[in-house]
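Report on the structure given below.
In this note's numbering, the protein residues as written are 138 to 279.
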């Protein structure tokens, strides 16, 4: 099974629903998942320099640790941090898998860095994470 970094915004109810479902599905498949949502250092003030330093370094170390990065993206890239994490993973040579729950049009810098693209979590549950078949994004780009 794989070590997976889960790159996703989690700032509203809809985003939380998607990230929690991804955590559940990926773990049910036997993967070890690092989800930044679960690693926020709650004892330190949100947004403080100490908190920012910890979160940035911890997230980056886990992107390096991961065998692949699984991202969730939405309209207008709800979270530029997610886009940054996907780019960092690509530069590090990690396969980037992307879940786009609303099937929205995506910028080519994201689409052309993907190893696999999904619009349905059932597709993710059926995907062969052992062989990582290429599943490209074939829709229009921004």
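Every residue gets a Cβ at the ideal spot worked out from N, C-alpha and C, and that includes glycine. Small disclaimer: the values here were computed from a predicted structure and weren't measured.
Assignment of residue 192 by DSSP, reduced to helix, strand and coil, places it in the helix class.
Cβ-Cβ distances below 6 Å link residue 233 to 206, 223, 226, 227, 250, 251 and 252 in the same chain, with the five nearest sequence neighbours on each side left out; the list follows chain order. CA-to-CA, the gap between residue 142 and residue 170 works out to about 6 Å. For residue 172, the closest C-alpha among the options 155, 144, 181 and 166 is that of 144. For the set 256, 261, 200 and 208, the Cα lying nearest the Cα of residue 247 is the one of 208. Inclusion of residue 243 and residue 272 in the CB contact set at 8 Å is not warranted, their separation being larger than that value. In this chain, the beta strand (DSSP E) harbouring residue 169 covers 169–171.
In the DSSP annotation of this structure, the continuous segment of the beta strand (DSSP E) that includes residue 234 starts and ends at 233–236.
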